[in-house]
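Residue numbers (full-length UniProt numbering): 1 to 538.
Take a look at the structure set out below.
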């Protein structure tokens with residue numbers, strides 16, 4: 001979460017707060033911060049494992065089981081010589097029909113697996129499958145016999161994303177009341193436990209319940225780590241730190257794709273991913289608590305210990321005057337009487353307009369971002385390589401925001417990125433299948449641009465709201481935005497109606513959000529608003 005805090009030019013004596021001490025004494029980004037960013041990168045990478053459903057719930061080619069031809073269970077040859085006698089072949093791609101078969105001409109008659117002649121079936125009539133045979137067994141689709149229940153298979157990803165929405169108020173409460181480190185450890189423990197429990201699911205209901213619990217109780221991993229990283233560094237380095245944190249998550253996605261490529265059985269894959277996560281519990285003894293949280297909670301002895309460690313590690317000194325200013329309760333800024341957020345929203349047309357706009361940006365961004373990752377597996381037969389490329393391109397997208405936000409401004413960057421993503425999604429629909437390289441390039445360009453949006457949203461949203469309501473309204477925008485990630489796993493189902501429908505929807509939402517950006521002011525080089533009046537004046 002990158003928030004640039006502008007300094008007031010006409011303040012004669014600068015207030016001594018933590019940012020002032022970092023800039024002038026301890027160092028905005030020294031060895032201490034570098035060490036912590038490297039440590040925080042590991043839980044951020046582990047947070048990417050919540051997308052394991054892309055592989056554990058991957059679709060498998062399947063067809064109807066033909067009992068009268070000796071197929072007693074699903075563990076039989078997928079494509080025997082006689083199969084075209086019993087199952088229709090789809091003319092467009094010469095594949096076997098997945099969910100229907102020819103009606104038996106002689107009900108009750110059983111033939112040999114080696115000899116199932118065409119005369120046994122009535123090719124003028126078809127019926128639904130009453131059992132399935134699968135080409136492969138590396139997915140929950142095989143173990144739980146999901147067959148043609150595509151919506152049921154997609155429910156795995158939807159519930160996982162729903163958990164990332166439900167976790168936000170819970171992890172926010174833990175983080176604010178018990179500390180950033182406790183929130184991180186709570187998330188680590190639940191991620192590892194419920195992740196491993198999933199591997200021992202005996203039916204699909206159990207798998208779905210564990211999938212939901214895993215993210216509802218563990219998906220605070222990313223947000224906890226992001227906050228930890230953002231609170232460590234000075235204002236100058238927060239955009240870069242945000243991009244680095246996002247890139248660590250993207251590296252975790254690349255790692256997920258690589259491990260899934262090497263470890264195909266889904267139960268073994270889950271164990272391979274989640275058992276090492278237990279090692280992150282050692283952070284209880286390795287990480288200091290966030291000094292900002294300690295100061296806010298007036299835990300001054302612990303805060304002093306952290307500040308002295310920062311000074312020692314960065315080979316710097318913190319003055320007695322600064323320590324006194326930070327650790328003296330009388331100098332801690334006292335909260336003024338809080339105004340009602342709801343009343344302020346409805347009394348201020350400017351604030352109301354922004355509250356109605358920023359959540360749409362967030363919902364669009366998460367919808368396209370996760371939608372493109374999930375749909376990437378259908379680009380070609382190599383689903384693992386497709387996924388790795390689609391997530392690896394996020395890294396240059398994240399770091400591009402560091403350059404573009406300050407050079408071209410927030411509005412131009414976001415507007416261009418939204419429209420470019422929309423254009424790429426629209427163009428992708430009309431590129432012929434035989435131009436596979438061009439299709440891949442356009443697809444990755446769309447993912448690159450939406451990654452640029454994602455990295456920019458934290459900053460721009462933060463700069464539009466006043467300090468007194470910033471955290472609440474940023475959290476509200478992010479929470480509403482999770483609706484997009486909940487809907488994203490369902491988009492592959494839309495291809496049953498038209499292959500280009502998911503990307504058409506992505507393009508429409510992207511273009512709409514690009515237009516909405518134009519309704520908001522530019523915040524580059526503007527002082528971060530502290531009051532509602534300052535926010536309205538931007």
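C-beta atoms are modelled at their ideal positions from N, C-alpha and C, and glycine is treated no differently.
Pairwise C-alpha distance: residue j and residue i
| i | j | result |
| --- | --- | --- |
| residue 497 | residue 356 | 32 Å |
| residue 161 | residue 265 | 23 Å |
| residue 462 | residue 239 | 12 Å |
| residue 245 | residue 38 | 9 Å |
| residue 378 | residue 386 | 8 Å |
| residue 77 | residue 103 | 21 Å |
| residue 537 | residue 406 | 21 Å |
| residue 196 | residue 415 | 42 Å |
| residue 479 | residue 325 | 36 Å |
| residue 81 | residue 97 | 16 Å |
| residue 456 | residue 201 | 39 Å |
| residue 451 | residue 105 | 56 Å |
| residue 119 | residue 64 | 18 Å |
| residue 621 | residue 267 | With the chain covering only 1 through 538, there is no way to say anything about residue 621. |
| residue 198 | residue 269 | 11 Å |
| residue 514 | residue 419 | 6 Å |
| residue 306 | residue 234 | 16 Å |
| residue 453 | residue 141 | 34 Å |
| residue 261 | residue 48 | 16 Å |
| residue 15 | residue 318 | 15 Å |
| residue 481 | residue 525 | 27 Å |
| residue 298 | residue 167 | 27 Å |
| residue 346 | residue 143 | 53 Å |
| residue 351 | residue 344 | 8 Å |
| residue 522 | residue 460 | 9 Å |
| residue 174 | residue 284 | 15 Å |
| residue 157 | residue 458 | 25 Å |
| residue 472 | residue 507 | 30 Å |
| residue 139 | residue 427 | 32 Å |
| residue 133 | residue 423 | 40 Å |
| residue 23 | residue 312 | 16 Å |
| residue 399 | residue 391 | 14 Å |
| residue 226 | residue 495 | 35 Å |
| residue 286 | residue 180 | 14 Å |
One or two residues paired with residue i in a DSSP bridge
| i | result |
| --- | --- |
| residue 90 | 95 |
| residue 129 | None, per the DSSP bridge assignment. |
| residue 32 | Per DSSP, none; premise fails for residue 32. |
| residue 101 | 127 |
| residue 122 | 103 |
Residue i, buried or exposed, once every other Cβ within 10 Å from all chains shown has been counted against 16
| i | result |
| --- | --- |
| residue 72 | exposed |
| residue 381 | exposed |
| residue 55 | buried |
| residue 210 | buried |
| residue 187 | buried |
| residue 293 | buried |
| residue 217 | buried |
| residue 349 | exposed |
| residue 502 | buried |
| residue 580 | The shown model of the chain, from 1 to 538, leaves out residue 580, and the question about it has no answer. |
| residue 489 | buried |
| residue 90 | exposed |
| residue 125 | exposed |
| residue 434 | exposed |
Nonlocal neighbours in the same chain, by C-beta distance under 6 Å from residue i, ignoring five residues either side
| i | result |
| --- | --- |
| residue 51 | none |
| residue 248 | 41, 44 and 45 |
| residue 539 | Because the chain is modelled from 1 through 538, residue 539 falls outside the range shown and cannot be assessed. |
| residue 439 | 431 |
| residue 136 | 60 |
| residue 257 | 384, 387 and 388 |
7 Å CB neighbourhood of residue i in its chain, flanking five on each side removed
| i | result |
| --- | --- |
| residue 151 | 493 |
| residue 192 | 274, 277 and 278 |
| residue 546 | As displayed, the chain neither begins before 1 nor continues past 538, which places residue 546 out of reach and without an answer. |
| residue 333 | Here the model assigns residue 333 a pLDDT of 48, short of 50, so the residue's position is not dependable, and the following value carries that caveat. Counting only Cβ-Cβ distances below 7 Å, and skipping sequence neighbours, we find nothing. |
| residue 302 | 289 and 294 |
| residue 128 | 99 and 100 |
| residue 509 | 364, 367 and 368 |
| residue 223 | 171 |
Same chain, Cβ closer than 8 Å to residue i, five either side skipped, listed in chain order
| i | result |
| --- | --- |
| residue 516 | 357, 360 and 361 |
| residue 316 | 25, 26, 27, 30 and 310 |
Anticipated Cβ contact below 8 Å, residue i with residue j, distance rounded
| i | j | result |
| --- | --- | --- |
| residue 243 | residue 373 | Between residue 373 and residue 243 the Cβ distance is about 18 Å, and since that is not below 8 Å, they are no contact. |
| residue 228 | residue 290 | 6 Å |
| residue 474 | residue 393 | The Cβ separation is near 26 Å, so there is no contact. |
| residue 491 | residue 375 | 6 Å |
| residue 388 | residue 254 | 5 Å |
| residue 155 | residue 189 | In fact, because the Cβ distance is near 26 Å, the residues do not count as touching under 8 Å. |
The ligand PLP heavy atom lying under 6 Å from the CB of residue i
| i | result |
| --- | --- |
| residue 306 | Judged by which ligands are present, the structure shown has none, so any question about the ligand PLP falls away. |
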